[in-house]
Amino acid sequence: MENKRVIQLKQFLADTPNDAFLNYALAIEYVGMGNDGEAKTIFETLYNTQPDYTATYYHLGKLYERENRKEEAEAIYRKGITATMKKREQHAMAELQNALANLWIDDED
3 MENKRVIQLK QFLADTPNDA FLNYALAIEY VGMGNDGEAK TIFETLYNTQ PDYTATYYHL
63 GKLYERENRK EEAEAIYRKG ITATMKKREQ HAMAELQNAL ANLWIDDED
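Under the working numbering, the first residue of the sequence shown is numbered 3, with each subsequent residue one higher.
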């Protein structure tokens, strides 16, 4: 069952389907609901169609990590770091660098 925010976001997206923020917000709602499949589909679409929307990289990487797709998560984090460097988004870049640094830690035990 969809919550009110999901319904409202879908209504907004009916008018502006390519709005990166609205798509991102919908994906985040799906993550919160435990619907990683829907979230991943939206994040992958954002990644492929709007690569300058840098908030996507962290969350898509985290979804890949949960699926134990660490190589793909690493690639996404690295591309995100490059994108955030170009846009001088220091906070987002630091989050991606931290995610990348921690990606393989569990495998070292």
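By construction, the Cβ of each residue, glycine as well, lies at the ideal position given by its N, Cα and C atoms.
Quick caveat, the model's predicted, so the values are computed rather than measured.
- No residue range can be given for Ile107, since it is assigned to no alpha helix (DSSP H) and is classified by DSSP as neither H nor E.
- Where Arg68 is concerned, the enclosing alpha helix (DSSP H) starts and stops at 57 to 68.
- Selection Met87, Tyr32, Thr18, Lys88 evaluated against His61 yields Tyr32 as nearest (Cα-Cα).
- Pairing Tyr26 with Tyr55 gives a Cβ-Cβ distance under 8 Å.
- In the three-state DSSP reduction, Thr43 falls in the helix class (H, G or I).
- A check of alpha carbon separations from Asn20 across Gly36, Thr51, Gly34, Arg7 identifies Thr51 as the nearest.
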